[in-house]
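Asks:
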Amino acid sequence: MYRVGAPWETSEPRPELAQLLAGGEISGPGRALDLGCGDGTQTVFLARHGFETTGVDFSPAALAKARGAARAAGVEVDLVRADFTAPQVDGVAGPFDLIVDYGSLDDVAPAKRAAVAAHVAEWTRPGGLVLMWCFYNDIPWWKWTRMRYPGRLRPGEERELYEETFTIRRLAAPVAGSGSACFLLRRRP
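If you're matching positions, the sequence shown starts at 24 in the working numbering and goes up one per residue.
(1) Between which residues of its own chain and L135 is the CB-CB distance below 8 Å, once the five residues before and five after are set aside?
(2) Taking only the alpha-carbon atoms, compute the straight-line gap between E99 and V123 and give it to the nearest angstrom.
(3) On the DSSP bridge list, what partners appear for S203?
(4) Looking at the C-beta of P83, does it have a partner C-beta in chain C at a distance below 8 Å?
(5) So the beta strand (DSSP E) E75 belongs to, where does it begin and stop?
(6) Quick check: the Cα distance between V143 and F206, rounded to an integer number of angstroms?
(7) Could you compute how far the alpha carbon of P133 sits from the alpha carbon of P178?
(8) Can you give the Cα-Cα distance for P110 and A137, rounded to whole angstroms?
(9) Under 8 Å: do the segment 54-66 and the segment 87-94 share three or more Cβ pairs, one atom per stretch?
(10) Counting only the same chain and skipping the five closest in sequence on each side, list residues whose C-beta sits under 6 Å from that of E75.
(11) Near D129, what residues of its chain come up, given a Cβ to Cβ distance below 6 Å and the 5 sequence neighbours on each side ignored?
(12) Helix, strand or coil, according to DSSP, for L43 in the structure here?
(13) Of all the options G202, W146, P197 and A141, which has the alpha carbon lying nearest to the alpha carbon of E187?
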């Protein structure tokens, strides 16, 4: 899909990430992990803002685009080809001050989401942040029949996966009932 252009590719940083960084709720320098980095837009954005950034994705074509984006921006990033649902993820070593996940967890089969959450908890330093955007099944079922989403979290699933280790706050945007959600998680000490 990345060879011809994935529909989620953008040359601009995601608004939630940009706003949290501009407002100081997320601050660098530090170590950042872009989980499912795709074309590297968020990876490069974080590197430009002083983060030592690692991007991980399973797609060689996506990682090639991310390498090109980093080269064009004149930043150094670490790009790792890996399956972050696997029991061991070679090339990714925490702790990270920030992990961003834009639509990766919701694409993972529900049976493998706990493994991803365990990695995220392991990789996040105490006090560190996780910014997670996902498709979210909080709209009436009859609307889903007309929409095509690759996957979605059930309301409350974020708590089942992360509440033991993180505090969880749903951000105001995207609004509840829109079919997507963004959460800011903070790792407990």
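The beta carbon of each residue, even a glycine, is placed where N, CA and C say it ideally should be. What you are looking at is a predicted structure, and each value in this text was computed from that prediction instead of being measured.
Replies: Checking against the coordinates, here is how it stands:
(1) Residue mapping note: residue 135 aligns to position 112 of the sequence shown, counting from 1. First, the amino acid is wrong: residue 135 is Lys here, not Leu. The answer, listed in chain order, is T108.
(2) In the sequence shown, the residue the question calls residue 99 occupies position 76. In the sequence shown, the residue the question calls residue 123 occupies position 100. In a straight line, the C-alpha of E99 is about 18 Å away from that of V123.
(3) Sequence index remark: in the sequence shown, residue 203 carries index 180 (1-based). S203 is bridged to F158.
(4) Protein chains in the displayed structure number just one, and chain C is not present.
(5) Here residue 75 refers to the residue found at position 52 of the sequence shown. Residues F74 to D80.
(6) In the sequence shown, counting from the first residue as 1, residue 143 sits at position 120. In the sequence shown, counting from the first residue as 1, residue 206 sits at position 183. Using only the alpha carbons, I get a separation of about 14 Å.
(7) Position 110 of the sequence shown, counting from 1, holds the residue named residue 133. Position 155 of the sequence shown, counting from 1, holds the residue named residue 178. Their Cα atoms are separated by approximately 13 Å.
(8) Position 87 of the sequence shown holds residue 110. Position 114 of the sequence shown holds residue 137. Straight-line Cα distance between these residues: approximately 11 Å.
(9) yes
(10) Position 52 of the sequence shown holds residue 75. Correct list, in chain order: R54.
(11) For the purposes of this step, residue 129 is taken as residue 106 along the sequence shown, with counting starting at 1. These residues qualify, in order along the chain: C157, F158, G174, R175 and L176.
(12) For this step, residue 43 is matched to residue 20 along the sequence shown. Residue state, collapsed to three classes: helix.
(13) Here residue 187 corresponds to residue number 164 of the sequence shown, with the count starting at 1. It is A141 whose Cα lies nearest to the Cα of E187.
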